[in-house]
Amino acid sequence: MELQGEREKVIIVRYCEIHLKGKNRGYFEKVFQENLERALKGIRHEIRRLSGRYIVEGFEPGREEEIVERLSKVFGTHTLSIAYKVFADLETIYQTVLSLAPHAGSFKVQANRADKSFPLNSMQLNAEIGARLLAARPQLNVDVHDPQHVLYVDIRENGTALVFANYVKGAGGMPVGTAGKGMLLLSGGIDSPVAGYMIAKRGMKVDAIHFHSYPYTNLQAREKVEELARLLAAYTGGITLHVVRVTHIQEAIHRSCPAEMMITLLRRFMMRIAERTARRCGGQCIITGESLGQVASQTIEGITSSESVLESLPVLRPLIGMDKTEIIEVSRRIGTYETSILPYEDCCTVFLPKHPLIRPDLAQVVREEAKLDVEGLIAEAFATEETLSFS
Ligand code: ATP
Ligand code: MG
Numbered sequence: 362m363e364l365q366g367e368r369e370k371v372i373i374v375r376y377c378e379i380h381l382k383g384k385n386r387g388y389f390e391k392v393f394q395e396n397l398e399r400a401l402k403g404i405r406h407e408i409r410r411l412s413g414r415y416i417v418e419g420f421e422p423g424r425e426e427e428i429v430e431r432l433s434k435v436f437g438t439h440t441l442s443i444a445y446k447v448f449a450d451l452e453t454i455y456q457t458v459l460s461l462a463p464h465a466g467s468f469k470v471q472a473n474r475a476d477k478s479f480p481l482n483s484m485q486l487n488a489e490i491g492a493r494l495l496a497a498r499p500q501l502n503v504d505v506h507d508p509q510h511v512l513y514v515d516i517r518e519n520g521t522a523l524v525f526a527n528y529v530k531g532a533g534g535m536p537v538g539t540a541g542k543g544m545l546l547l548s549g550g551i552d553s554p555v556a557g558y559m560i561a562k563r564g565m566k567v568d569a570i571h572f573h574s575y576p577y578t579n580l581q582a583r584e585k586v587e588e589l590a591r592l593l594a595a596y597t598g599g600i601t602l603h604v605v606r607v608t609h610i611q612e613a614i615h616r617s618c619p620a621e622m623m624i625t626l627l628r629r630f631m632m633r634i635a636e637r638t639a640r641r642c643g644g645q646c647i648i649t650g651e652s653l654g655q656v657a658s659q660t661i662e663g664i665t666s667s668e669s670v671l672e673s674l675p676v677l678r679p680l681i682g683m684d685k686t687e688i689i690e691v692s693r694r695i696g697t698y699e700t701s702i703l704p705y706e707d708c709c710t711v712f713l714p715k716h717p718l719i720r721p722d723l724a725q726v727v728r729e730e731a732k733l734d735v736e737g738l739i740a741e742a743f744a745t746e747e748t749l750s751f752s
């Protein structure tokens with residue numbers, strides 16, 4: 362129909378908390394726009410800023426769903442709408458609204474007029490388009506308080522109008538890159554990907570480190586962690602994953618120390634290696650998926666033991682007060698759950714004692730650790746380090 366030539370599909374991206382940042386607003390907007398651009402790599406497009414939002418346009422017809430899917434994962438995104446951009450004349454606007462309108466049920470028109478020279482104000486526009494819709498679709502009725510459908514018309518300053526009918530919820534949070542950088546201890550479990558997601562949501566750039574004990578853990582376990590990193594990368598704007606083998610460390614602990622201390626001692630090695638890797642890469646903190654009391658190693662005594670080896674970086678534990686069911690809920694929502702539950706062994710289950718220490722005594726832990734060549738084992742582990750990039 363003749364309308365086709367006059368209207369173009371665009372995407373409206375509205376952002377959240379950024380406006381709270383006062384003087385820093387410009388900086389936040391710049392980082393946010395860069396993150397939007399990065400998320401659309403490989404798709405031809407243009408992004409323009411409009412007061413309080415961005416308009417994505419100039420993409421190939423048919424790619425709008427994919428673009429919304431990608432941009433909804435960019436932190437800072439509050440909501441998105443696929444809209445028609447049309448000439449701002451009443452007939453064109455009405456025809457476009459009609460094309461989006463339902464055939465039955467309650468509705469209202471919600472107009473907004475940025476261009477005050479448009480002949481109708483927003484109330485008049487609501488009434489005029491609403492009346493025409495009622496005449497064209499007798500099974501519709503108006504409900505301004507609790508309508509089933511809302512049809513939005515946004516008259517812009519440049520002689521165009523945006524017409525749309527739905528909102529997609531974005532990931533929320535703050536643009537990644539506005540709150541420093543951290544090193545996530547990424548296992549193959551449910552919790553650590555969620556922890557990385559939550560910290561990135563507050564604007565922190567996240568890199569990750571994974572420990573494996575090949576050949577006790579297999580290649581599939583490794584691929585699973587790589588897949589988790591890839592899934593997280595869609596939210597974090599890319600991830601660098603460090604993979605370090607701790608087999609010799611575990612063997613040494615197994616040889617020299619009480620079996621029930623395996624996890625307690627291994628955790629201390631993981632923390633040291635993570636901290637040094639973080640510092641080498643500009644990381645300002647360690648991030649873990651620990652939740653208080655969830656398993657034997659996550660008691661306050663266990664946490665004290667593993668944290669006490671750190672020299673300068675703080676540990677962020679975004680899940681510390683969450684129940685497993687709450688963590689699983691997030692993991693399903695962000696799409697990591699199905700991968701996390703694949704049944705491959707993690708290094709923590711290798712040499713797993715029947716009765717891990719629940720309340721390790723720090724002095725005893727330090728005594729046992731003294732039997733090991735801590736620095737030698739760390740150097741040996743670092744020699745196995747591989748670095749992978751996910752975008
Ligand atoms: P997750 O679901 O994240 O594996 P979990 O409930 O299995 O957690 P633990 O195995 O006690 O709990 O691990 C606690 C935290 O220690 C993890 O969330 C993760 O941050 C870190 N961690 C555990 N194993 C590894 C590993 N192999 N590589 C990197 N980090 C690990
Ligand atoms: Mg685990």
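Each residue of the sequence shown is one higher than the one before, starting from 362 at the first, in the working numbering.
Where is the CB? At the ideal position from N, CA and C, for every residue including glycine.
As the structure is a prediction and not an experimental result, all values here were calculated from the model.
What residue range does the alpha helix (DSSP H) around T660 cover? From DSSP, T660 is part of no alpha helix (DSSP H); its letter is neither H nor E.
Is the separation between the beta-carbon of M544 and that of T638 shorter than 8 Å? yes
Coarse secondary structure for I513, derived from DSSP in three states: It should be noted that the sequence gives Tyr, not Ile, for residue 513. Strand, per DSSP.
Quick check on DSSP: helix, strand or coil for Y575? In this structure, Y575 counts as coil in the three-state DSSP scheme.
Nonlocal neighbours in the same chain, by C-beta distance under 6 Å from I695, ignoring five residues either side: Y558
For H571, verify whether its CB is less than 7 Å away from any heavy atom of the ligand ATP. yes
Considering only heavy atoms of the ligand ATP, does any lie closer than 7 Å to the CB of Q655? yes
Please report how far the alpha carbon of D707 lies from the alpha carbon of V537, in whole angstroms. V537 has its alpha-carbon roughly 29 Å from the corresponding atom of D707.
Are I551 and Y698 touching if we call contact CB-CB under 8 Å? yes
Check each candidate in I634, D722, E687 and name the one with the smallest Cα separation from V735. When only C-alpha atoms are compared, the closest one is I634.
Can you give me the C-alpha to C-alpha distance between R517 and V567, rounded to a whole angstrom? 38 Å
Identify the residues that DSSP records as bridge partners of V567: which are they? G543
Please find out if some non-hydrogen atom of the ligand ATP comes closer than 7 Å to the beta-carbon of D552. yes
Could you check the C-alpha separation between A569 and S750 for me, to the nearest Å? 10 Å
Closer than 6 Å by C-beta to G541: which residues in its own chain qualify, once you throw out the five before and the five after it? Chain order, please. M565, Q645
Could you name each continuous alpha helix (DSSP H) segment of 4 residues or more that falls completely within the region 431 to 516, going from the start of the chain to the end? Unbroken alpha helix (DSSP H) stretches of 4 residues or longer found wholly inside the region 431 to 516: 451 to 461, 483 to 497, given in chain order.
Rounded to a whole number of angstroms, what is the C-alpha to C-alpha distance between K530 and I416? 16 Å
Return the Cβ separation of E418 and K446 in integer angstroms, given the expectation that the two are a contact with Cβ distance under 8 Å. With a Cβ gap of about 7 Å, E418 and K446 count as contacting.
According to the neighbour-count rule (16 or more other Cβ atoms, all chains shown, within 10 Å of its Cβ), is E390 buried or exposed? buried
By how many angstroms is the C-alpha of M632 removed from the C-alpha of A582? 21 Å
Do M484 and the ligand ATP come close, with the Cβ less than 7 Å from some heavy atom? no
Pop quiz: V435 and A400 are said to be a contact at Cβ under 8 Å. What is the actual Cβ separation, rounded to whole angstroms? 5 Å
Counting beta carbon pairs with one atom in the region 519 to 526 and one in the region 663 to 670, are three or more of them shorter than 8 Å? no
With C-beta atoms as the reference, is V754 less than 8 Å away from S574? One cannot answer for residue 754 here, as it falls past the ends of the chain, which runs 362 to 752.
Burial state of I748, where buried means 16 or more other Cβ atoms lie within 10 Å: With the sequence shown as reference, residue 748 is identified as Thr, and Ile is not the correct amino acid for it. The residue in question, T748, is exposed, as its Cβ has fewer than 16 Cβ neighbours within 10 Å.
Through-space distance from L546 to S553, alpha-carbon basis: 7 Å
Ranges of the alpha helix (DSSP H) found wholly within the region 594 to 638, counting only runs of at least 4: Segments of the alpha helix (DSSP H) lying fully in the region 594 to 638: 608 to 617.
Inter-residue Cα distance where the pair is V458 and I443: 13 Å
With a CB to CB cut of under 6 Å and the five nearest residues on each side skipped, what residues in its chain are close to S467? N502, D504, P508, Q509
Tell me, please, which residues DSSP counts as bridged to L523. K446, D515
C642 vs E729 beta-carbon contact at 8 Å: no
My output table needs one value for T748: the three-state DSSP class, helix, strand or coil. strand
Verify the contact flag: S752, CB atom, against every heavy atom of the ligand ATP, threshold strictly below 7 Å. Within the chosen limit of 7 Å, the ligand ATP does not reach the beta carbon of S752 with any heavy atom.
Ranges of the beta strand (DSSP E) found wholly within the region 669 to 752, counting only runs of at least 3: 747 to 751
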